[in-house]
Amino acid sequence: MASVAKPLDLVLETAKHFRSIYNGTLMINKGFNAQTANDAIEDDIADLISFGELYIGNPDLVERFAQNAPLNHNDRATYYTGGAAGYTDYKTLK
Ligand SMILES: Cc1cc2nc3c(=O)[nH]c(=O)nc-3n(C[C@H](O)[C@H](O)[C@H](O)COP(=O)(O)O)c2cc1C
């Protein structure tokens, strides 16, 4: 049976395709963490990596990355609920 590509691998393969035909600054996202983002930049797959879910759960994401600190776990049940819960109430390190 053919193996199923992991979502991040699909993102990386897609980025490589566009990297080869696009000369501008390339920013990509979806499913990255600090390590895989740094790897993608070191491998010249993209110029920038952006973060969505990790930023929702970690408003001090840059600080946490810099300190290699643990990340909050996002409660996906709060997505698309229309309220502040799960969007603005995650704890920062300090
Ligand atoms: C709760 C939530 C809502 C989102 N809504 C949209 C949207 O309406 N349109 C869109 O293009 N992307 C949407 N996104 C995708 C983000 O814009 C971004 O591309 C994605 O979260 C990046 O991947 P990452 O979360 O794995 O870092 C949403 C993401 C989340 C977590």
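Residue numbers for the sequence shown follow my numbering, beginning at 1 and rising by one.
By construction, the Cβ of each residue, glycine as well, lies at the ideal position given by its N, Cα and C atoms.
- With 5 Å as the limit, the residues whose C-beta approaches a heavy atom of ligand 1 more closely than that are Asn29, Lys30, Gly31, Phe51, Gly52, Glu53, Tyr79, in chain order.
- One alpha carbon belongs to Val62, the other to His17, and they sit about 28 Å apart.
- As computed with DSSP, Ile49 is found in a beta bridge with Ile28.
- Judged by their CB atoms, Ile45 and Ala37 are not nearer to each other than the 7 Å cut-off.
- Per DSSP, the unbroken alpha helix (DSSP H) holding Leu10 starts and ends at 7 to 21.
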